[in-house]
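Here is the structure we will look at, set down as structure tokens.
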Amino acid sequence: MIETLPRLIENSFLIAWDYLEATGELGHPDTAARHLLDTIETMVLQGERRQLLLSNKAIASYQRFSAEQGLPLAS
36 MIETLPRLIE NSFLIAWDYL EATGELGHPD TAARHLLDTI ETMVLQGERR QLLLSNKAIA
96 SYQRFSAEQG LPLAS
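Residue numbers for the sequence shown, in our numbering: 36 to 110.
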């Protein structure tokens, strides 16, 4: 069964979100959500369809962004 693009984006986002939440790295939910979605959507538009790669790249990108911005972690 072929996964639809909206489902691919949703599943990739949820994997990244759950990981960041479990590790305490989530930060402000609105900021995290926007960054994760932007990263995943950009990669999908470039043709990437591997769910775990999408989520892992989004996690890494958010971690870099969070460190560069000095964002507080969610409590």
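Yeah, the Cβ is synthetic: ideal placement off N, Cα and C, and Gly gets one too.
Pick out whichever of the options has its Cα sitting closest to the Cα of residue i.
i, options, result
"Glu-38", "Val-79, Asp-65, Ala-95, Gln-98", "Val-79"
"Leu-43", "Thr-77, Thr-58, Gln-104, Pro-64", "Thr-77"
"Ser-47", "Pro-64, Asn-91, His-70", "Asn-91"
Whole angstroms are fine: how far does the CA of residue j sit from the CA of residue i?
i, j, result
"Pro-41", "Asp-53", "18 Å"
"Asp-73", "Gly-82", "14 Å"
"Phe-100", "Arg-84", "23 Å"
"Ser-110", "Ala-51", "Reliability fails at Ser-110, whose pLDDT of 49 lies under 50, so the model's placement of it is uncertain and the value that follows must be treated cautiously. Taking the straight line from one Cα to the other gives about 18 Å."
Would you mind reading off the limits of the alpha helix (DSSP H) that contains residue i?
i, result
"Leu-61", "Per DSSP, Leu-61 belongs to no alpha helix (DSSP H) and is neither H nor E."
"Glu-103", "86-104"
For my contact list, residue i and residue j are in at a C-beta cut-off of 8 Å; report their separation, rounded to the angstrom.
i, j, result
"Ile-75", "Leu-89", "5 Å"
"Leu-23", "Ala-67", "The question about residue 23 has no answer here: the residues shown for the chain are numbered 36 through 110."
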